[in-house]
Amino acid sequence: MEKYVIKIPHARNYDEFIKANKEAEEEFLKAETIREIIMNYIYDYYFSGAQALENVAAPVKIVKKKIKYGELNELIMPKVEGRDGDDLIFGISKNNSSNIGIYGNKLCDGCFTTITSRSMVLSISLQKAMILRALNDGGYANIDTKLKNIMISKEGIVSMIDIGSIVKHGDIIRVYTSYTAPPEVDFGKKANPKSDVFSDAIDRPYILFGNIAEKYIPHIFKKKYGYKEKNICMKDIIKSYENASHFDIQTKKNEYRIIGFEEPIFPEYFTNSQKMRYMLYHLEFLKIQRDVGEIYPIKVLDTFAKLQMFSTEPNPKIRIDEEIVEYVLLHLMLSIDNWRKGVYRIEGIKIVPGSMIDEILPKNINNHKINELQAQKN
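First residue of the sequence shown? That's 1056 in our numbering, and the numbers climb one at a time after it.
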């Protein structure tokens, strides 16, 4: 039997009462739309999309409660197990043993404990991408994608909560979070699906690496957790790279050499802006593994950095879509046991040569090449 909870809005005065009732009605209508999209997906045999949207915590009913201002709309919601992403990854205290933390036994200053595996965090990242893709394919954007708005169960099941920000493509944006929003998102602007790709990418390093990523990549902590809130928007950092020069590139590459890493090699077609965005993440991923030991093979780190680079393209018209993110993560998750063998792509899941998925994922090393490399080591 499915469990339900009541979402009770705040209505401390008449104005809040009117606003709460309106927002509850709008959220319920969005829930009805999601259920309609699910039925259409089932009819069209798009079962993965239907299943993904089943993990959206959408209200099932409005009930009325009498208060002094009139009848207040309360929403009956499906109960979602787990903790929200912000809480699970960053935790309320360093003594909380159930946080997603670093991998291995080497702790660093300010890190929490470790509980999870690479396969689980890849699955969490994939599920989040699948929900967003299914929503986008149905003609809607989440706009307010962030860790606080997903719940993660002990088994690693991801659910999207708080659907009040969901907007039909082309409709006006009224709610968003500044630190995960892409450059094109602002109040009064029109919603598009590529916005969710950018926001999804901003949070991905914290899922893939745990709370240690905050030491290198900015994250907004909530004041109620006892941290000083930071006013950092990644879109501002990323936009600053649009006018990067050869001098900027070389300066950034020098950081690799100074720290002791090999300088990155880029495809010839990379623009200066792309090179800077790639290094923004790639160098920090290398630093994380220097601190805690190897979490992912270098080729997988390269893939994550490419995925971040293409996902955070400031121009939404040429930004990749969530389907590409989904397939890249799917290949990596399914091939995880064979990374050491040089396998990162799964046979049977077609990759079109020259496509963005083909560009982002490492090429598989064939058996002949593996034997050749082993012979060279010996």
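All residues carry an ideal CB built from backbone N, CA and C; glycine is no exception.
The model shown is predicted, which means the values in this text are computed figures rather than measured ones.
Endpoints, alpha helix (DSSP H) assigned at leucine 1190: It spans 1173-1192 - the alpha helix (DSSP H) in which leucine 1190 sits, taken as one unbroken run.
Where the beta strand (DSSP E) containing proline 1133 begins and where it ends: Start and end: 1125-1133.
Helix, strand or coil at serine 1233 according to DSSP, with G and I counted as helix: If DSSP states are grouped into helix, strand and coil, serine 1233 belongs with coil.
Nearest residue (CA-CA) to alanine 1105, options Met1185, Ile1379 and Glu1349: Nearest of Met1185, Ile1379 and Glu1349 to alanine 1105, Cα basis: Met1185.
Inter-residue Cα distance where the pair is lysine 1119 and glutamate 1080: Spanning the two alpha carbons is a distance of roughly 11 Å.
Which listed residue (Arg1259, Tyr1101, Ala1075 and Glu1087) has its alpha carbon closest to that of glutamate 1126: Glutamate 1126 has its Cα closest to that of Ala1075, out of Arg1259, Tyr1101, Ala1075 and Glu1087.
Outcome for methionine 1094 when other beta-carbon atoms lying within 10 angstroms are tallied against a minimum of 16: Exposed.
Sub-8 Å separation of asparagine 1327 and isoleucine 1304 beta-carbons: For asparagine 1327 and isoleucine 1304, yes; Cβs fall inside 8 Å.
Proximity below 8 Å, CB of isoleucine 1218 to CB of glutamate 1129: Between isoleucine 1218 and glutamate 1129, the CB-CB gap reaches or exceeds 8 Å.
Beta-carbon contacts of lysine 1121 that lie in its chain and below 8 Å, excluding the five residues immediately before and after: Only residues of its own chain outside the window of five on either side were considered, and among them Leu1127 have a CB closer than 8 Å to the CB of lysine 1121, listed in chain order.
Endpoints, the beta strand (DSSP E) within which tyrosine 1069 is located: Element bounds for tyrosine 1069: not the beta strand (DSSP E) but the alpha helix (DSSP H), 1069-1098.
Start and end residues, alpha helix (DSSP H) containing serine 1328: Counting along the chain, serine 1328 sits inside the alpha helix (DSSP H) bounded by residues 1327-1347.
Nearest neighbour of valine 1115, chosen from Ser1172, Phe1083 and Tyr1100 [CA to CA]: Relative to valine 1115, the option among Ser1172, Phe1083 and Tyr1100 whose CA is nearest is Phe1083.
Assigned exposure category for threonine 1200 - 16 Cβ within 10 Å defines buried: Threonine 1200 counts as buried, since no fewer than 16 other beta carbons sit within 10 angstroms of its beta carbon.
Local Cβ density within 10 Å of tyrosine 1098, reported as buried at 16 or more and exposed below that: Exposed.
Alpha helix (DSSP H) segment containing tyrosine 1382, residue limits: Boundaries of the alpha helix (DSSP H) harbouring tyrosine 1382: 1377-1389, taken from the DSSP string.
Exposed unless 16 or more other CB atoms sit within 10 angstroms - verdict on serine 1300: Exposed: under 16 other Cβ atoms inside 10 Å.
Cutoff 6 Å; reference glycine 1137; Cβ partners in own chain excluding five residues on either side: Met1206, Ile1207 and Ser1208, listed in sequence order.
Status (buried if at least 16 other CB within 10 Å, exposed otherwise) for arginine 1332: Burial state of arginine 1332 is buried, judged by a 10 Å Cβ sphere holding 16 or more other Cβ atoms.
Reference phenylalanine 1264, options Asp1241, Tyr1336 and Phe1302, closest by Cα: Of all alpha-carbon atoms in Asp1241, Tyr1336 and Phe1302, the one lying nearest the alpha-carbon of phenylalanine 1264 is that of Tyr1336.
Selection from Met1289, Leu1181 and Pro1322 that minimises the alpha carbon distance to glutamate 1368: Taking only the C-alpha atoms, the option nearest glutamate 1368 is Met1289.
Three-state class that DSSP yields for aspartate 1199 in the structure shown: Here aspartate 1199 sits in coil by DSSP.
Selected residue, minimal CA-CA separation from asparagine 1204, among Lys1223, Ala1112 and Thr1306: Selected option, being the one with the closest Cα: Ala1112.
Assigned exposure category for lysine 1058 - 16 Cβ within 10 Å defines buried: It is exposed - the Cβ of lysine 1058 has fewer than 16 other Cβ atoms within 10 Å.
Sub-8 Å separation of isoleucine 1221 and lysine 1085 beta-carbons: It is a contact, given that the beta carbons lie within the stated cut-off.
CB-CB length for serine 1250 against alanine 1189, believed under 8 Å: Not quite, the Cβ-Cβ distance comes to about 16 Å (not below 8 Å), so this is no contact.
Same chain, Cβ closer than 6 Å to glutamate 1381, neighbours up to 5 away in sequence not counted: Setting aside the 5 residues that flank it on each side, glutamate 1381 is surrounded in the same chain by Ala1184, Met1185 and Arg1188, each with a C-beta closer than 6 Å to its C-beta; the list follows chain order.
Cβ separation of isoleucine 1391 and leucine 1177, assumed to be a contact under 8 Å, to the nearest whole Å: Rounded, the Cβ-Cβ distance is 7 Å, consistent with contact.
For glutamate 1078, the nearest candidate out of Gly1409, His1065 and Ile1089 (CA to CA): If we check each option's Cα against that of glutamate 1078, His1065 comes out closest.
Under 8 Å between C-beta atoms of isoleucine 1198 and alanine 1246: Yes, these two residues count as a Cβ contact at 8 Å.
For lysine 1418 and tyrosine 1351, the rounded distance between their alpha carbons: Roughly 16 Å separates the two Cα atoms.
Nearest-angstrom Cα separation, counted from asparagine 1068 out to isoleucine 1061: Our two residues, isoleucine 1061 and asparagine 1068, have alpha carbons roughly 21 Å apart in a direct line.
C-beta contact flag for phenylalanine 1321 and leucine 1341 at 8 Å: Phenylalanine 1321 places its beta carbon 8 Å or farther from that of leucine 1341.
Straight-line gap, leucine 1385 to tyrosine 1124 (C-alpha atoms, nearest Å): For leucine 1385 and tyrosine 1124, the distance between alpha carbons rounds to 51 Å.
Neighbour-count burial assignment, isoleucine 1373, 16 or more Cβ in a 10 Å radius: Isoleucine 1373 counts as exposed, since fewer than 16 other beta carbons sit within 10 angstroms of its beta carbon.
Three-state secondary structure assigned by DSSP to aspartate 1139: Aspartate 1139: strand per DSSP, three-state reduction.
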